[in-house]
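A.B. asks: Residue numbers (full-length UniProt numbering): 1 to 422.
Ideal Cβ positions, reconstructed from N, Cα and C, are used throughout, including at glycine.
Quick one: structure below, then a few questions.
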Ligand SMILES: Cc1cc2nc3c(=O)[nH]c(=O)nc-3n(C[C@H](O)[C@H](O)[C@H](O)COP(=O)(O)OP(=O)(O)OC[C@H]3O[C@@H](n4cnc5c(N)ncnc54)[C@H](O)[C@@H]3O)c2cc1C
């Protein structure tokens, strides 16, 4: 094989990258390509994405290659580059969203051989099928059992060298304007990801099972934006010790295999339950602003806005409040999360929202989400609330989750919009 293009998407790494490794092993010239598509705006994730591209370019240059960057429609630009370089083969990492699969279908019709490779999940979506029939697992526990027992591929080798065809213009990676700076300075890229992983394995992994729901302690890995952009290989992460952490990666795989089978997961109820949602524009606006008057909900929503990330327990509480307490359609909440989260991504976002709403893969669709009970259990000292809702910084512990019970008026903080009895 003379020239192969490797089309990157959300697999922005050189470690364990089967599509890249195979191209480098077989082709004389390899063109690593990323296409910035204005029709698929990265929104708030753009600065993080640009960091990832710069880091990937650096890693490829260190191996004698480069990252070729183009702007436009990913398929049209790939076809154009194949013509320019005479590439007969295009490699990509297989993905599950409707958008990604449409791109794969169009690439398969291109004037080259198109091959997809694993790498977005630990176990490729669709590889495990339930014994009782069906094209995917609908319930997590049997999936977890099958997933834990499944044979895994070996991690792909990092290519020693990458050789571009001569005379190719690599193209610029835009700077991104300062007002686009990532929230709270979160920097993207495989180098950052591996450094954070190393720190977390040293300091956090051993205590993960006990600490992951302690909202104030904030001791989860915070690797999700890096996993979302593929700066880390899920397969490599799943080789870490610690069942509880690996189980979360299995949840991620689970939602991906659901999305492969049900690509409308971000639009349609997975299990329609005939729910009538309320039209509550003012309440939704207050929820988005972190001004519902329910401290644990407001703390989560303000963390999301400030950091582009929210603790998993806060995601469950804020989502539960919107759909179960306010009776608002999960799609409105999922769209807001998707817009603001650095890790925002169809399978995990919509899969989790539908799980909370009872329209997804929860075996207990009527599960309650009592925000106050959750707050007392997972933020018993109110440390999480105080961090994000400074109006409550000096309120005594016994009122921090229910400030409306305080005999002393608290200025500057609203009364709760709506709340079931705790
Ligand atoms: C309503 C709602 C929306 C969510 N939207 C997203 C989203 O858009 N993108 C996203 O990556 N996660 C989403 N999650 C899942 C989870 O909250 C985040 O993955 C997690 O909080 C990220 O923090 P962490 O990296 O510290 O996780 P850790 O606890 O350290 O877990 C390690 C990794 O496992 C994966 N993971 C953990 N929990 C889940 C889960 N419940 N479902 C799927 N994967 C999981 C993530 O890749 C995470 O980085 C959502 C959860 C809820 C309840």
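What are the boundary residues of the alpha helix (DSSP H) that includes residue 78?
C.D. replies: From DSSP, the alpha helix (DSSP H) with residue 78 extends over 74–85.
A.B. asks: Determine the contact status of residue 17 and residue 150, defining contact as a CB-CB distance below 8 Å.
C.D. replies: Contact: no.
A.B. asks: Exposed or buried, residue 390, counting other C-beta atoms within 10 Å across all chains shown (16 or more means buried)?
C.D. replies: The residue is exposed, with fewer than 16 neighbouring Cβ atoms inside 10 Å.
A.B. asks: Let me check you understand the geometry: is the CB of residue 224 closer than 7 Å to at least one non-hydrogen atom of ligand 3?
C.D. replies: The model on display carries ligand 1 but not ligand 3.
A.B. asks: According to DSSP, is residue 234 part of a helix, a strand, or is it coil?
C.D. replies: Three-state DSSP puts residue 234 in a helix.
A.B. asks: With a threshold of 7 Å, establish whether the CB of residue 259 neighbours any heavy atom of ligand 1.
C.D. replies: Not so, every heavy atom of ligand 1 lies at least 7 Å from the Cβ.
A.B. asks: Assign residue 366 to one of two classes, buried (16 or more other C-beta atoms within 10 Å of its C-beta) or exposed (fewer than that).
C.D. replies: Its Cβ having fewer than 16 others within 10 Å, residue 366 is exposed.
A.B. asks: If I measure Cβ to Cβ from residue 268 and keep anything under 7 Å in the same chain, skipping five residues before and after, which residues do I get?
C.D. replies: Here the set comprises nothing.
A.B. asks: Quick one: what does DSSP say residue 346 is sitting in, helix, strand or coil?
C.D. replies: Looking at residue 346 - three-state DSSP - the assignment turns out to be helix.
A.B. asks: What are the start and end residues of the beta strand (DSSP E) that includes residue 91?
C.D. replies: Residue 91 -> beta strand (DSSP E) spans 89–93.
A.B. asks: Please classify residue 62 as buried or exposed, where buried requires at least 16 other C-beta atoms within 10 Å of its C-beta.
C.D. replies: Residue 62 comes out exposed.
A.B. asks: Hey, would you say the C-beta of residue 34 is under 7 Å away from at least one heavy atom of ligand 1?
C.D. replies: No, the Cβ of residue 34 stays beyond 7 Å of every heavy atom of ligand 1.
A.B. asks: For ligand 1, is there a heavy atom less than 7 Å away from the beta-carbon of residue 227?
C.D. replies: Yes; taking the cut-off as 7 Å, the Cβ of residue 227 has a heavy atom of ligand 1 nearer than that.
A.B. asks: On the DSSP bridge assignment, give the partners of residue 29 in chain order.
C.D. replies: According to DSSP, residue 29 bridges with 3.
A.B. asks: Evaluate residue 134 with the Cβ neighbour count: other Cβ atoms within 10 Å of its Cβ, from every protein chain shown; 16 or more gives buried, anything less gives exposed.
C.D. replies: The residue is exposed, with fewer than 16 neighbouring Cβ atoms inside 10 Å.
A.B. asks: Helix, strand or coil: how does DSSP classify residue 199 here?
C.D. replies: The answer is helix: DSSP assigns residue 199 an H, G or I state.
A.B. asks: Output the boundary residues of the beta strand (DSSP E) element that contains residue 140.
C.D. replies: Unbroken run through residue 140 is the alpha helix (DSSP H), 140–149; no beta strand (DSSP E).
A.B. asks: Does the distance between the C-beta of residue 148 and the nearest non-hydrogen atom of ligand 1 fall short of 7 Å?
C.D. replies: No.
A.B. asks: Is residue 422 helix, strand or coil when you go by DSSP?
C.D. replies: Residue placement at residue 422 is flagged as unreliable, the pLDDT there being 40, under the threshold of 50; the coordinate-derived value follows with that caveat. Coil at residue 422, not helix or strand.
A.B. asks: Work out the CA separation of residue 416 and residue 143 for me, nearest whole Å.
C.D. replies: Their Cα atoms are separated by approximately 40 Å.
A.B. asks: Could you check what DSSP says for residue 71 in three-state terms: helix, strand or coil?
C.D. replies: Correct three-state label for residue 71: strand.
A.B. asks: Beta-carbon separation of residue 255 and residue 120 under 8 Å?
C.D. replies: Result no, Cβ atoms of residue 255 and residue 120 do not sit closer than 8 Å.
A.B. asks: Return the first residue and the last residue of the beta strand (DSSP E) that residue 113 is part of.
C.D. replies: Start and end: 113–117.
A.B. asks: Can you tell me whether residue 378 is helix, strand or coil according to DSSP?
C.D. replies: Residue 378: helix per DSSP, three-state reduction.
A.B. asks: Can you pull the DSSP bridge partners for residue 35?
C.D. replies: DSSP, once it has assigned bridges, lists 70 as partnering residue 35.
A.B. asks: Is residue 248 near ligand 1, going by C-beta to nearest heavy atom under 7 Å?
C.D. replies: Yes; taking the cut-off as 7 Å, the Cβ of residue 248 has a heavy atom of ligand 1 nearer than that.
A.B. asks: Taking 7 Å as the line, does the beta carbon of residue 345 fall inside it for any heavy atom of ligand 1?
C.D. replies: Answer for residue 345: yes, Cβ within range of ligand 1.
A.B. asks: With a threshold of 8 Å, are at least 3 pairs of Cβ atoms found where one atom belongs to the segment 270–283 and the other to the segment 295–313?
C.D. replies: No: fewer than three Cβ pairs fall under 8 Å.
A.B. asks: Which residue wins for smallest C-alpha separation from residue 5, given the options 321, 230, 29?
C.D. replies: Out of 321, 230, 29, 29 has the C-alpha closest to the C-alpha of residue 5.
A.B. asks: Can you list, in chain order, the residues of its chain whose CB lies under 7 Å from that of residue 404, leaving out five sequence neighbours each side?
C.D. replies: Cβ within range, chain order: 415, 416.
A.B. asks: To which residues of the same chain is residue 347 closer than 8 Å at the C-beta, ignoring the five residues directly before and after it?
C.D. replies: Excluding positions up to five away in sequence, the list reads 96, 97, 252, 255, 256, 258, 259, 265.
A.B. asks: Candidates 305, 191, 123, 224: which alpha carbon is nearest residue 235's?
C.D. replies: Closest option to residue 235, Cα to Cα, is 123.
A.B. asks: Report buried or exposed for residue 33, applying the criterion of at least 16 other Cβ atoms within 10 angstroms of its Cβ.
C.D. replies: Under this definition residue 33 is a buried residue.
A.B. asks: What is the DSSP secondary structure of residue 330, counted as helix, strand or coil?
C.D. replies: Residue state, collapsed to three classes: helix.
A.B. asks: Measuring from the CB of residue 277, is there a heavy atom of ligand 1 at a distance below 7 Å?
C.D. replies: Every heavy atom of ligand 1 is 7 Å or more from the Cβ of residue 277, so no.
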